Ligand SMILES: NC(=O)c1ccc[n+]([C@@H]2O[C@H](COP(=O)([O-])OP(=O)(O)OC[C@H]3O[C@@H](n4cnc5c(N)ncnc54)[C@H](O)[C@@H]3O)[C@@H](O)[C@H]2O)c1
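Numbering (this note's numbering), first residue to last: 227 to 514.
Right, here's the structure in full:
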């Protein structure tokens, strides 16, 4: 399955990988961002997603020089973490931008929407221990920052919009910490202190594997809202996952027999439903 897809946040860390992968796999991509992605020669238009009129024009294929009915949306644009700008500025950018994308997509009759939620809704930075490990999609969101609260609000909006339109498909991808290959050389520094990366249970997502998850979510035939944790199959650490839990969260119930470096951000649902399978690991030099 392919078609014409608008990708927001196209100049960002994840967006660059997603645009490249979707183009490679046959999607007709209209990329958009507030800033032009450096060196990108494909179809691109600058837009500010906090302006509903601009978003509506994008979704309706009403931008001069960029005509064509839009079949799907991948919405990645956001302030991507807490503390980059103030809490209210984070919320005031992210949540209205997402509302605008969701609402304009509905107005344009687009029923295939994939967007970036975040691992933060699982309770990061886990100053309060996770309810069990590996964490998954089965417990109620525990946002601990305004950024994360915004992601929870977006998931709830999507749930209600899907209730309003039974033919709509919306997939929220709860990405782990996005990494590019050039960052893998720095991973060795995490090993000395298990508490350094406990904030996301030592998880990460290779931007290329994140892009694979986006494509699989786009291709997935379904209706309604689904959310998926998207992480790599392993952790950022050399110590085993069982040792890490025993050291940092000895009281947390471990719900499965863990592989040596198995992710503690469960990707079982993404594997089962989307066929997602990470292809890259920082442990494999060929992935650097
Ligand atoms: N980076 C991570 O570790 C991480 C982890 C989990 C989830 N996410 C989510 O994944 C998505 C992509 O993150 P990223 O790491 O690529 O971030 P990034 O900052 O590299 O890219 C985000 C892009 O969104 C654009 N943008 C922001 N607000 C906009 C607006 N109002 N109008 C138009 N463009 C706007 C920015 O210009 C930027 O290019 C975000 O939704 C983020 O919340 C990121």
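The beta carbon of each residue, even a glycine, is placed where N, CA and C say it ideally should be. None of the values given here were measured: they were computed from a predicted structure.
Task: Counted within 10 angstroms of its Cβ, other Cβ atoms place residue 438 as buried (16 or more) or exposed - done: Here residue 438 corresponds to residue number 212 of the chain shown, with the count starting at 1. It counts as buried.
Task: In DSSP terms, what residue 338 is bridged to - done: Here the question's residue 338 lines up with position 112 in the chain shown. According to DSSP, residue 338 bridges with 395.
Open item on the list: Which runs of the beta strand (DSSP E) at least 3 residues long sit entirely within the segment 392 to 480? Give them in chain order.
Closed with: With a minimum length of 3 residues, the continuous beta strand (DSSP E) runs that stay inside the segment 392 to 480 are 395 to 401, 450 to 456.
Task: Contact check, residue 303 vs residue 259, beta carbons under 9 Å - done: Position 77 of the chain shown, counted from the first residue, corresponds to residue 303. Position 33 of the chain shown, counted from the first residue, corresponds to residue 259. Contact flag set, yes.
Task: Proximity winner among 364, 228, 378, relative to residue 325 (alpha-carbon distances) - done: What you label residue 325 is simply residue 99 of the chain shown in a count that begins at 1. Among 364, 228, 378, the Cα nearest to that of residue 325 is on 378.
- [ ] Using a threshold of 9 Å, state whether the C-beta atoms of residue 383 and residue 331 are closer than that.
- [x] Against the chain shown, residue 383 aligns to sequence position 157. Against the chain shown, residue 331 aligns to sequence position 105. The answer is no: Cβ separation not under 9 Å.
- [ ] Pair every Cβ in the segment 482 to 493 with every Cβ in the segment 358 to 377, then say whether three or more of these pairs are closer than 8 Å.
- [x] By the Cβ rule, the segment 482 to 493 counts as touching the segment 358 to 377, because three or more pairs are nearer than 8 Å.
Task: At least 3 beta-carbon pairs within less than 8 Å: the segment 264 to 272 vs the segment 334 to 347 - done: Contact between the segment 264 to 272 and the segment 334 to 347 is absent: fewer than three C-beta pairs spanning the two stretches fall below 8 Å.
Open item on the list: Would you call the segment 456 to 471 in contact with the segment 415 to 431, where contact means no fewer than 3 C-beta pairs closer than 8 Å?
Closed with: With contact defined as three or more Cβ pairs closer than 8 Å, the segment 456 to 471 and the segment 415 to 431 are in contact.
TODO: Look at the alpha carbon of residue 481 and the alpha carbon of residue 380, and state the distance between them as a whole number of angstroms.
DONE: For the purposes of this step, residue 481 is taken as the residue at position 255 of the chain shown. For the purposes of this step, residue 380 is taken as the residue at position 154 of the chain shown. Rounded to whole angstroms, the separation of the alpha carbons of residue 380 and residue 481 is 29 Å.
Open item on the list: Less than 9 Å between the C-beta atoms of residue 309 and residue 373, yes or no?
Closed with: Locating residue 309 in the chain shown gives position 83, counting from the first residue. Locating residue 373 in the chain shown gives position 147, counting from the first residue. Yes.
Open item on the list: Taking 8 Å as the cut-off, is the C-beta of residue 321 nearer than that to any heavy atom in ligand 1?
Closed with: Taking the first residue of the chain shown as position 1, residue 321 is located at position 95. Flag unset: Cβ of residue 321 not near ligand 1.
TODO: Find the nearest neighbour of residue 370 within the set 483, 313, 251, 421, judged by alpha-carbon distance.
DONE: Taking the first residue of the chain shown as 1, we reach residue 370 at position 144. When each option's Cα is compared against that of residue 370, the closest is 313.
- [ ] Indicate the three-state DSSP secondary structure (helix, strand or coil) for residue 506 in the structure shown.
- [x] Sequence index remark: in the chain shown, residue 506 carries index 280 (1-based). Shown here, residue 506 sits in coil according to DSSP, grouped into three states, outside any helix or strand.
Task: Pick from 229, 328, 400, 388 that is closest to residue 296, judged by C-alpha positions - done: On the chain shown, residue 296 is found 70 positions in, with the first residue counted as 1. Closest by alpha carbon: 229.
Task: CA-to-CA distance, residue 433 to residue 402, given in whole angstroms - done: For the purposes of this step, residue 402 is taken as the residue at position 176 of the chain shown. For the purposes of this step, residue 433 is taken as the residue at position 207 of the chain shown. Near 10 Å, if we compare the C-alpha coordinates of residue 433 and residue 402.
Open item on the list: Which same chain residues end up closer than 6 Å to residue 254 when comparing Cβ atoms and leaving out the 5 residues on each side of it in sequence?
Closed with: Along the chain shown, one-based indexing puts residue 254 at 28. Result list for residue 254: 230, in chain order.
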